[in-house]
């Protein structure tokens, strides 16, 4: 249930973030290349924040004894969980830290959600680049 709630919250946040980003960038009197850079930067910050949201979800799930993490000898701190979440969200999947128990399912949902949302961001950046190239 935690996974589906996070999926909904993060997807909703991303929709709002991209909608506001597009509205502000296309409404601003800036050269086209600034629109593109603003889109890339804004989408990047949105993705980092979304991975952070998943990090809190992983932490809550771990506290509820739904699973944990393995792959290191030292105890895991929040930065380790955030690192795992960011790697997982981007589908990079380095594998030096990996979830156990029910957190494996949450990790799969995060990876799927990240892939979909990164694709949405790529679409926005493509539109901004197209408009920048076509503008005089």
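Numbering (my numbering), first residue to last: 1 to 136. Yeah, the Cβ is synthetic: ideal placement off N, Cα and C, and Gly gets one too. These numbers come from a predicted model, not from an experiment.
- Take residue 43, set aside five residues on each side of it, and the residues of its chain with a beta-carbon closer than 6 Å to its own are 121, in chain order.
- For residue 76, the closest alpha carbon among the candidates 88, 58, 93 and 89 is that of 58.
- Taking a C-beta distance under 8 Å as the contact criterion, residue 69 and residue 99 qualify as a contact pair.
- In this structure, DSSP gives residue 70 an extended state, which the three-state scheme calls strand.
- With fewer than three CB-CB distances shorter than 8 Å, the stretch 18-30 does not count as touching the stretch 82-100.
- Of the residues 3, 118 and 31, the one whose Cα lies closest to the Cα of residue 48 is 118.
- According to DSSP, residue 98 shares a beta bridge with 70.
- With contacts defined by Cβ atoms closer than 8 Å, residue 53 and residue 87 do not form a contacting pair.
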